[in-house]
Amino acid sequence: MSDFEPTPPTAPDPSTISTRSAPARDAHRETPLADVAGPYFGAYGGRYVPEALIAALDELTDAWEKAGTDPQFARELAALHRDYTGRPSPLTEVPRFAAHVGSGVRVFLKREDLNHTGSHKINNVLGQALLVKRLGKTRLIAETGAGQHGVATATAAALMGMECTVYMGEEDTRRQALNVARMRLLGAEVVPVTIGSRTLKDAINEAFRDWVANVENTHYLLGTVTGPHPFPQMVRDFHRVIGEEARAQVLERTGRLPDVVAACVGGGSNAMGIFNAFLDDPGVDLVGFEAGGHGISSGEHASRFSGGSPGVLQGARSYVLQDEDGQTRPTHSISAGLDYPSVGPEHAWLHETGRARYEPVTDEEAMAAFQLLCRTEGIIPALESAHALAGALRLGPAQPNSSAPATDRIVLINLSGRGDKDVETAGRWFGYLETGETE
């Protein structure tokens, strides 16, 4: 078992785990849901890492806390969002797609796909890169599944004059060859990971090993709301801008809040980003859609809430796809960005408290929704986002938490990324490309 493989949740190895600096688990009970802070979200989160990383995590936590009250940091980040990323991202109503959800339903897409680099990932990357400049470190490392986080990290490194190494499972380098080329054009070294399942989990393991060996000059720019504290909280907070913008835009366009907010969930960063602004609005139904792969009964999926259980993986306690011995189970998804055996600890907490619900979407459902959005609205979504679109189609007009009539529902979907990277996969799926293996 490696340092970052899951361990039984009730018996972690005390020699490799530290929760130093962790406040009491119940300290946030009176806090609005949107402001709940780590290291724990209920029973989930923490710091399950080797002692060698504790000093770096403490240093990062201190820099993050100071930046949070520094107006200069806020101005620098806001300027990057405005002048470099292109925020605010638009809100697009999609009536021809909505007609397939249900009669009278209005569907809006939060267009994170129109950000510079093509996804929501740039929000978190620019924030962390600004922190790293303050720490005086000169090298960024990252992991990536779909390649979007890797491209965003390589972009920030180029912008700020830093070295960059990106770890990517060998299987994902094949699925996302275009993004591998983009990262290399931006000056990053892309390291294919050939161990394990050769997907995102294994890339994260390699990134952690690099960080342990080079922590003096290197920052691990983790790309989602998982890993050891402060990453789940910090990454969520860098993505809060998605929900804050979307909430204001929906109110301006419709005069009220949406009935449903939907997002795909791999590690869960785009979902936490848009969910956060609605956590304290009990009339808004929050739904996350995981990778159901070939179906839950097949065992070939990445649906942690349908087929997983609480455990520890890669620095945090959350829901994990694991066997009875605590070993990580193989996963499958047509979407590289959702092909991950664990999920952010705040999602695990929202699942257990019932504030959000999570459902699996199969590859076939996702591909049908992918094609439907292309043909009805002229938008090619990322395969990750296609899972949220498919989930919205399944939900239909009936939403449990709303008092609005069935013919006046508002559904907000976070379109987390664009689908350029997935065109080859989709072309093979639909038979438009004659060569190569079908996913």
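If you're matching positions, the sequence shown starts at 1 in UniProt numbering and goes up one per residue.
Just so it is clear, CB atoms sit at the ideal spot from N, CA and C, and this is done for glycine as well.
For clarity, every value in this text was computed on a predicted model and none was experimentally measured.
>> Using 8 Å for Cβ pairs, my map puts residue 211 next to residue 141. What's the rounded Cβ distance?
In response: For the purposes of this step, residue 211 is identified with residue 211 of the sequence shown, where counting begins at 1. For the purposes of this step, residue 141 is identified with residue 141 of the sequence shown, where counting begins at 1. Between residue 141 and residue 211 the Cβ distance is about 6 Å, and since that is below 8 Å, they are a contact.
>> Suppose you measure from the CA of residue 365 to the CA of residue 121; what does that come to, to the nearest Å?
In response: Position 365 of the sequence shown, counting from 1, holds the residue named residue 365. Position 121 of the sequence shown, counting from 1, holds the residue named residue 121. Roughly 25 Å between the two C-alpha positions.
> Applying the criterion that 16 or more other CB atoms from any shown protein chain within 10 Å of the CB defines a buried residue, is residue 14 buried or exposed?
Replying inline: Position 14 of the sequence shown holds residue 14. Model confidence at residue 14 stands at a pLDDT of 30, short of 50, so the residue's coordinates are unreliable and nothing is read from them.
> Run through DSSP, which three-state label would residue 432 get?
Replying inline: For the purposes of this step, residue 432 is identified with residue 432 of the sequence shown, where counting begins at 1. Residue 432 falls in the coil class under three-state DSSP.
> What first and last residue would you give for the alpha helix (DSSP H) that runs through residue 250?
Replying inline: Within the sequence shown, numbered from 1, the residue matching residue 250 stands at position 250. Run containing residue 250: 231 to 254, per the alpha helix (DSSP H) assignment.
> Helix or strand or just coil, what does DSSP make of residue 179?
Replying inline: Walking along the sequence shown from the start, residue 179 turns up at place 179. Reduced to three states, the DSSP call for residue 179 is helix.
> Using the rule of at least 16 other Cβ atoms within 10 Å of the residue's Cβ for burial, across every protein chain shown, is residue 24 buried or exposed?
Replying inline: Position 24 of the sequence shown holds residue 24. Confidence at residue 24 is low in this model, with a pLDDT of 36, below 50, so its placement is unreliable and no value can be given for it.
> In chain order, what residues of the same chain have a beta carbon less than 6 Å from the beta carbon of residue 306, not counting five sequence neighbours either side?
Replying inline: Position 306 of the sequence shown, counting from 1, holds the residue named residue 306. Taken in chain order, the residues that qualify are 296, 360.
> Excluding sequence positions up to five away, which residues of its chain have a Cβ less than 7 Å from the Cβ of residue 28?
Replying inline: Walking along the sequence shown from the start, residue 28 turns up at place 28. No answer about residue 28 holds up, because its pLDDT of 48 lies below 50 and its placement is not dependable.
> Under three-state DSSP, which class holds residue 167?
Replying inline: One-based indexing of the sequence shown puts residue 167 at position 167. In the structure shown, residue 167 sits in a strand (DSSP, three-state: E or B).
> Which residues in the same chain have their Cβ closer than 6 Å to the Cβ of residue 387, if we skip the five residues on either side of it in sequence?
Replying inline: By 1-based counting over the sequence shown, the position of residue 387 is 387. 264, 289, 361, 366, listed in sequence order.
> With respect to the alpha helix (DSSP H) encompassing residue 274, which residues constitute its N-terminal and C-terminal limits?
Replying inline: Here residue 274 corresponds to residue number 274 of the sequence shown, with the count starting at 1. First-last of the alpha helix (DSSP H) with residue 274: 269 to 275.
>> According to DSSP, is residue 132 part of a helix, a strand, or is it coil?
In response: For the purposes of this step, residue 132 is taken as residue 132 along the sequence shown, with counting starting at 1. It is helical.
>> Threshold first: 4 residues or longer. Then list the alpha helix (DSSP H) segments lying entirely within the stretch 358 to 398, N to C.
In response: 363 to 377, 383 to 395
> Which of the three DSSP states, helix, strand or coil, is assigned to residue 192?
Replying inline: As a working note, residue 192 is residue 192 in the sequence shown. If DSSP states are grouped into helix, strand and coil, residue 192 belongs with the strands.
> So what's residue 303 in DSSP terms, helix, strand or just coil?
Replying inline: As a first step, residue 303 is located in the sequence shown; it is residue number 303 there, counting from the start. Coil.
>> So, does the stretch 270 to 288 touch the stretch 191 to 211, judging by three or more C-beta pairs under 8 Å?
In response: no
> What is the DSSP secondary structure of residue 455, counted as helix, strand or coil?
Replying inline: Given that the chain is displayed from residue 1 to residue 439, the structure contains no residue 455 and the question cannot be resolved.
>> Quick check on DSSP: helix, strand or coil for residue 99?
In response: Against the sequence shown, residue 99 aligns to sequence position 99. Three-state DSSP puts residue 99 in coil, outside helix and strand.
> Taking residue 32 as the reference, which of 416, 278, 433, 424 has the closest Cα?
Replying inline: Reading the sequence shown from its first residue, position 32 is the one you call residue 32. The residue from 416, 278, 433, 424 with its alpha-carbon nearest to that of residue 32 is 278.
> With respect to the alpha helix (DSSP H) encompassing residue 151, which residues constitute its N-terminal and C-terminal limits?
Replying inline: Here the question's residue 151 lines up with position 151 in the sequence shown. Here the alpha helix (DSSP H) through residue 151 covers 148 to 160.
>> So, with DSSP's three-state summary, where would you put residue 173?
In response: Position 173 of the sequence shown holds residue 173. Residue 173 sits in a helix when the DSSP states are folded into three classes.
> So, are the CB atoms of residue 440 and residue 228 less than 7 Å apart?
Replying inline: Coverage of the chain is limited to positions 1 through 439, which leaves residue 440 absent and any answer about it impossible.
> Between the stretch 244 to 261 and the stretch 81 to 97, do three or more beta carbon pairs fall short of 8 Å?
Replying inline: Because the criterion of three Cβ pairs below 8 Å is met, the stretch 244 to 261 and the stretch 81 to 97 touch.
> Under the three-state reduction of DSSP, which class applies to residue 54: helix, strand or coil?
Replying inline: Here residue 54 is taken as the residue at index 54 of the sequence shown, counted from 1. The answer is helix: DSSP assigns residue 54 an H, G or I state.
> What are the boundary residues of the alpha helix (DSSP H) that residue 204 is part of?
Replying inline: Here residue 204 refers to the residue found at position 204 when the sequence shown is read from its first residue. 200 to 213 is the extent of the alpha helix (DSSP H) around residue 204.
> Can you tell me whether residue 427 is buried or exposed, with buried defined as 16 or more other CB within 10 angstroms of its CB?
Replying inline: Position 427 of the sequence shown, counted from the start, is the residue given in the question as residue 427. Exposure of residue 427 is indicated by the presence of fewer than 16 other C-beta atoms within 10 angstroms of its C-beta.
>> If contacts are defined as beta-carbon pairs under 8 Å, then residue 411 and residue 392 qualify, I think. What distance do you get, rounded to the angstrom?
In response: Taking the sequence shown and counting its residues from 1, the one referred to as residue 411 is at position 411. Taking the sequence shown and counting its residues from 1, the one referred to as residue 392 is at position 392. Right, the Cβ-Cβ distance comes to about 5 Å (below 8 Å), so this counts as a contact.
> Taking the alpha helix (DSSP H) that residue 140 falls in, what are its first and last residues?
Replying inline: As a position in the sequence shown, residue 140 is number 140, starting the count at 1. Where residue 140 is concerned, there is no enclosing alpha helix (DSSP H), although the beta strand (DSSP E) it sits in stretches over 139 to 144.
>> Are the CB atoms of residue 384 and residue 338 within a distance shorter than 7 Å?
In response: For the purposes of this step, residue 338 is identified with residue 338 of the sequence shown, where counting begins at 1. For the purposes of this step, residue 384 is identified with residue 384 of the sequence shown, where counting begins at 1. Using a Cβ distance threshold of 7 Å, residue 338 and residue 384 count as a contacting pair.
> Under the DSSP definition of a beta bridge, which residues are partnered with residue 45?
Replying inline: Working through the sequence shown from its first residue, we reach residue 45 at position 45. DSSP lists 40, 317 as partners of residue 45.
> Should residue 353 be labelled buried (16 or more other beta-carbon atoms within 10 Å of its own) or exposed?
Replying inline: For the purposes of this step, residue 353 is identified with residue 353 of the sequence shown, where counting begins at 1. Exposed.
> Looking only at its own chain, which residues have a Cβ that is under 6 Å from the Cβ of residue 108, when we skip the five neighbours before and after it?
Replying inline: Within the sequence shown, residue 108 is the residue found at index 108, counting from 1. Only 91, 93, 412 meet the Cβ criterion.
>> With distance defined between alpha-carbon atoms, name the residue in 397, 186, 382, 112 nearest to residue 259.
In response: Locating residue 259 in the sequence shown gives position 259, counting from the first residue. Residue 259 has its Cα closest to that of 397, out of 397, 186, 382, 112.
> How should residue 72 be labelled, buried or exposed, when 16 other C-beta atoms within 10 angstroms of its C-beta is the threshold for buried?
Replying inline: Position 72 of the sequence shown holds residue 72. Exposed.
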